[in-house]
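Worksheet: the structure to be examined is printed underneath.
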Amino acid sequence: MKNPASRQASSGFEQLSFLPEPDFNPTWPNPATQPGIALARMLKGERLTQPSFGLRCWRLAAYVKELDYLGWPIEAQDVSCPVGCGTGRPIREYWLPQRVIAAVTGVKKGGQ
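For the sequence shown, position 46 matches number 34 in this note's numbering, and the numbering has no gaps at all.
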């Protein structure tokens, strides 16, 4: 066979499956910043959308991306735009998984 169909190993993911999952060790943002405020609300179990976050600007995605860069595993999905939003297009909803909230709550309680 002169030209393989793919240069990628067919089981590349399986080759790394023996490695352990990395520890959950995110960096905490400054609580006085917008990413810090968004994180605090999501740690309470709140699901955030831009209209629910407020501030009359469309920057929640940037704050969530900053949290992603800091190691927070934020989940997201498209939801329908609330009445009065004006666009009629789906918007993103962001939240933290319960396992993350439980891990952080345990760390905070154990650390105090």
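For glycine and all other residues, C-beta sits at the position ideal for the given N, C-alpha and C.
Minimum C-alpha distance to P61 - residue among S68, W83, N18, C73:
Of the listed residues, the one whose Cα sits closest to P61 is W83.
Check your understanding: Helix, strand or coil: which one does DSSP assign to A20?
Key -> Three-state DSSP puts A20 in coil, outside helix and strand.
field: Nearest-angstrom Cα separation, counted from P10 out to P70
entry: P70 and P10: Cα-Cα distance of roughly 38 Å.
For this session: Could you check if Y57 is buried or exposed, using at least 16 other CB atoms within 10 Å of its CB as the buried criterion?
Result: Exposed, because fewer than 16 other Cβ atoms sit within 10 Å of the Cβ of Y57.
Check: To the nearest whole angstrom, what separates the beta carbons of E81 and Q65, a pair I think is in contact under 8 Å?
Finding: E81 to Q65, Cβ: 6 Å. Contact.
Other residues of its chain near E63: CB distance less than 8 Å, five sequence neighbours each side excluded: Cβ neighbours of E63 within its own chain (closer than 8 Å, five residues either side excluded): Y82, W83, L84, P85.
**Request:** Starting from the N-terminal side, write out each stretch of the beta strand (DSSP E) that is 3 residues or longer and does not extend beyond the stretch 11 to 80.
**Result:** Those beta strand (DSSP E) runs which fall completely within the stretch 11 to 80 and span 3+ residues are 63 to 67.
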